[in-house]
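Chains G and H, in that order, are what the protein sequence lines are.
Everything in the first sequence is counted per this note's numbering, starting at 499 for the first residue and increasing by one.
Everything in the second sequence is counted per this note's numbering, starting at 575 for the first residue and increasing by one.
Note sheet for the following structure.
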Amino acid sequence: MDSQDILGNMVAALKGELGQGYSTISNFIQNQGNLLARQAENIATSRATGSLKDDDELFAFFLQGLQQNAENAARSVVMLSALTIEQAWNAIAGALWGGVRAILTGAGFPANRLPETPPFNL
Amino acid sequence: MVPAILKRTVLLWAFVLAACTVQLAPAYDPALVQGLDQTNTQALTLFAELETGSPASDFPSYAPRYAALIGQFESLRQQAMARQIPPLAKRLSGLKLVGKLCKSETDPAACVNTSPASLAQILSTFRRMRDTHRSAGLQPDIVVLFRGNYDPAIAQALTVENALKR
Numbered sequence: 499m500d501s502q503d504i505l506g507n508m509v510a511a512l513k514g515e516l517g518q519g520y521s522t523i524s525n526f527i528q529n530q531g532n533l534l535a536r537q538a539e540n541i542a543t544s545r546a547t548g549s550l551k552d553d554d555e556l557f558a559f560f561l562q563g564l565q566q567n568a569e570n571a572a573r574s575v576v577m578l579s580a581l582t583i584e585q586a587w588n589a590i591a592g593a594l595w596g597g598v599r600a601i602l603t604g605a606g607f608p609a610n611r612l613p614e615t616p617p618f619n620l
Numbered sequence: 575m576v577p578a579i580l581k582r583t584v585l586l587w588a589f590v591l592a593a594c595t596v597q598l599a600p601a602y603d604p605a606l607v608q609g610l611d612q613t614n615t616q617a618l619t620l621f622a623e624l625e626t627g628s629p630a631s632d633f634p635s636y637a638p639r640y641a642a643l644i645g646q647f648e649s650l651r652q653q654a655m656a657r658q659i660p661p662l663a664k665r666l667s668g669l670k671l672v673g674k675l676c677k678s679e680t681d682p683a684a685c686v687n688t689s690p691a692s693l694a695q696i697l698s699t700f701r702r703m704r705d706t707h708r709s710a711g712l713q714p715d716i717v718v719l720f721r722g723n724y725d726p727a728i729a730q731a732l733t734v735e736n737a738l739k740r
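Have a look at this one:
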């Protein structure tokens, strides 16, 4: 194992994690966008011609719900992004640790004194 | 030529980096995901039954269904709130970049444990729907609006909780 092998392993692991993370976040944003847009349209229609026409209190409740759902969606995107960063970091650390371990054991360091995965979790 | 001390520093940092994994979100909770799936099915069944509307006189036959849903979602919210948040995750949500959105001053876990807020939104939806059903009955377009309030919130909780399986 040399530095090129370690780099290759890191890039491959990173590609997999970032691809998966991007796909989850992108689908989530699209889905939430559709749901929130449809709800906004339904509120407007009901307010104009439906049951919300004479119900100010319920109209305000649905508007507030729309705002709260939009804020919660944005926070969920932050959380999904943090999760992607975590997985990307851990993929890099895993590949690096694998390389370090291979080099050290190749140089005669006892393999049983080196854990198979990175030993510290922050 | 790279000085030896720089080489040693780079190697040391590479070793430190390699030795540390991070955790920026809570652990996956299969019981919570299963609970969300089951309660979601019950909620969607209630919406399906009510989609053509329901007069206030029918409310007594639906009251236990509302109580069951509210109780189950409240229990799931408490379960999600009670879990341990990794300290590094809390520090991350305190970053200026996301501080305003994440309300990190009042709730340091708002962006790293989002399901309690999504479930609170669901609870508010069902409580309001129950009260409206009891006092005035539910018109079909109002049922559509309650469903429209519910769908994004349950999708948030399900997506985030399933993403924690890593």
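Just so you know, even glycine gets a beta-carbon here, dropped at the ideal spot from N, CA and C.
Owing to the predicted nature of the structure, the values given are computational and were not obtained by experimental measurement.
Check: Does the stretch 661-676 of chain H come close enough to the stretch 602-620 of chain H to have 3 or more Cβ pairs within less than 8 Å?
Finding: no
Next item on the list: Could you name the residues of the stretch 602-618 of chain G whose beta carbon sits closer than 7 Å to any beta carbon of chain H, in the order they occur along the chain?
Entry: Pro616, Pro617, Phe618
Notebook entry, point to check: Looking only at its own chain, which residues have a Cβ that is under 7 Å from the Cβ of H/Glu625, when we skip the five neighbours before and after it?
Noted result: Pro714, Val717
Item checked: Contact set for H/Leu693: own chain, Cβ-Cβ below 7 Å, skip 5 residues either direction -> Phe647, Leu650, Arg651, Ala654, Ala731
Check: Going by the CB atoms, is the gap between G/Arg599 and G/Leu620 shorter than 8 Å?
Finding: no
Next item on the list: May I ask you to report which of helix, strand or coil DSSP gives G/Phe607?
Entry: coil
Checklist line | 8 Å Cβ cutoff, G/Met577 in contact with chain H | finding: yes
Check: How long is the line joining the alpha carbons of G/Gly548 and H/Ser628, rounded to whole angstroms?
Finding: 16 Å
Next item on the list: Using a Cβ-Cβ cut-off of 8 Å, state whether G/Asn507 counts as contacting chain H.
Entry: no
Notebook entry, point to check: Per DSSP, H/Gly712 is paired with what?
Noted result: In the sequence as displayed, the identity of residue 712 of chain H is Leu instead of Gly. Beta-bridge pairing links H/Leu712 to H/Ser628.
Notebook entry, point to check: Taking the Cβ atom as the reference point for each residue, do H/Ala663 and H/Leu598 lie within a distance shorter than 8 Å?
Noted result: yes
Checklist line | Min CB distance H/Asp715 to chain G below 8 Å | finding: yes
Item checked: Short CB-CB distance (under 8 Å) between G/Ala591 and chain H -> yes
Note to self: Against chain G, with Cβ distances strictly below 8 Å, would H/Gln652 count as a contact?
What the structure shows: no
Note to self: What would DSSP say about H/Asn614, mapped onto helix, strand or coil?
What the structure shows: helix
Item checked: Simplified DSSP assignment, three categories, for H/Thr699 -> helix
Item checked: 8 Å CB neighbourhood of G/Gly514 in its chain, flanking five on each side removed -> Ala589
Item checked: Option nearest H/Asp705 by Cα separation, candidates H/Thr680, H/Pro661, H/Ala630, H/Lys670 -> H/Ala630
Notebook entry, point to check: With 8 Å set as the bound, which would you pick, yes or no: does the beta-carbon of H/Thr699 sit closer than that to a beta-carbon of chain G?
Noted result: yes
Notebook entry, point to check: Whose CA, out of H/Leu580, H/Asn687, H/Trp587, lies closest to the CA of H/Arg657?
Noted result: H/Asn687
Next item on the list: Check each candidate in G/Leu550, G/Gly517, G/Pro608 and name the one with the smallest Cα separation from H/Ala710.
Entry: G/Leu550
Check: Between G/Ala591 and G/Pro617, which are expected to be in contact by the criterion C-beta below 8 Å, what is the C-beta distance as a whole number of angstroms?
Finding: Not really, about 10 Å apart at Cβ, beyond 8 Å.
Next item on the list: With 7 Å as the limit, tell me which residues of the stretch 522-534 of chain G have their beta carbon closer than that to any beta carbon of chain H; keep them in chain order.
Entry: Thr522, Phe526, Asn529, Gln530, Leu533, Leu534
Checklist line | Which of helix, strand or coil DSSP assigns to H/Ala685 | finding: A small fix is needed here, since residue 685 of chain H is Cys in this sequence, not Ala. Correct three-state label for H/Cys685: coil.
Notebook entry, point to check: Is any beta-carbon of chain G found at less than 8 Å from that of H/Arg740?
Noted result: yes
Checklist line | Coil, strand or helix - H/Val595 by DSSP | finding: Strictly speaking, residue 595 of chain H in this sequence is Thr, with Val absent from that position. Note: H/Thr595 maps to strand in three-state DSSP.
Check: What residues are listed by DSSP as bridge partners for G/Asn619?
Finding: H/Thr595
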